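Residue numbers (this note's numbering): 7 to 210.
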């Protein structure tokens, strides 16, 4: 079976166009088999797009595991003065995201494989529906690497399915010195906000 986190999916693409309509932005995008969330915007991503705080208006932003680009395109439309990096190991996902940005006239999205993002780049905002099914060790390494590239005042928002370990992931983040605030819990998903540095105490 070809997984969406494979570098080169072998399944037939069977492309399907999806309309995405949020309160403030809307766009159409092409989805394909072999890329996460074929034929629709999945429930977790929908929660993130509707309930996450606004991304930084400027700087470098990151959609980690971009799939067809729903998160990257939303970030880019909400923060037109920012540069949005859409990163995925899956080359079909990268091609789709690039094409979807072009079809919507969005010119502030940069699509890249993980190794092609300059090591000096730091992110003001990271949004991700992370690939939980790559396994706990690989997921923890992935998050350690990319969360470590947040700006000192940056933040990340992750959406994780509860039955796939959202609560244990939150505990792991906190044990590693990254306080994770639960922003929302809906339809079996948790929306977590992680600060690059612990927020200051009230009155402190």
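Ideal placement from N, C-alpha and C gives every residue a C-beta, glycine not left out.
Source: prediction; values computed, not measured.
Put residue i into one of helix, strand or coil per three-state DSSP.
i, result
"residue 157", "strand"
"residue 27", "strand"
"residue 66", "strand"
"residue 188", "strand"
"residue 128", "coil"
"residue 205", "Because the pLDDT of residue 205 is 48, which lies under 50, any placement of that residue in the model is unreliable, and the number read from its coordinates should be weighed accordingly. The answer is coil: DSSP assigns residue 205 none of H, G, I, E or B."
"residue 113", "coil"
"residue 137", "coil"
"residue 61", "coil"
"residue 76", "helix"
"residue 7", "Reliability fails at residue 7, whose pLDDT of 35 lies under 50, so the model's placement of it is uncertain and no value is given."
"residue 86", "coil"
"residue 17", "coil"
Sort out for me which residues DSSP pairs residue i with in a bridge.
i, result
"residue 167", "195"
"residue 81", "None; residue 81 has no bridge partner."
"residue 104", "Bridge partners of residue 104: none, in fact."
"residue 118", "93"
"residue 162", "132 and 200"
"residue 22", "37"
Return no unless some Cβ of chain E is closer than 8 Å to the Cβ of residue i.
i, result
"residue 136", "Any reference to chain E falls outside this structure, which holds one protein chain only."
Please confirm whether residue i and residue j have their CB atoms less than 8 Å apart.
i, j, result
"residue 267", "residue 137", "In the structure as shown, the chain begins at 7 and stops at 210. Residue 267 is therefore absent and cannot be evaluated."
"residue 181", "residue 198", "no"
"residue 95", "residue 114", "no"
"residue 75", "residue 63", "no"
"residue 2", "residue 195", "Absent from the structure is residue 2, since the part of the chain shown begins at 7 and ends at 210."
"residue 161", "residue 112", "no"
"residue 135", "residue 45", "no"
"residue 102", "residue 41", "yes"
"residue 83", "residue 55", "no"
"residue 67", "residue 85", "yes"
"residue 32", "residue 26", "yes"
"residue 105", "residue 36", "yes"
"residue 99", "residue 141", "no"
"residue 133", "residue 58", "yes"
"residue 110", "residue 149", "no"
Would you kindly report the start and end of the unbroken alpha helix (DSSP H) that includes residue i?
i, result
"residue 49", "49 to 57"
"residue 177", "172 to 181"
So residue i is in the beta strand (DSSP E); what residue range does that whole segment cover?
i, result
"residue 32", "32 to 37"
Please find out if some non-hydrogen atom of the ligand FAD comes closer than 7 Å to the beta-carbon of residue i.
i, result
"residue 118", "You won't find the ligand FAD in this model; it holds no ligand whatsoever."
- Message: Measuring CB atoms only, is the segment 147 to 160 touching the segment 122 to 139, in the sense that at least three cross pairs come out at less than 8 Å?
- Response: yes
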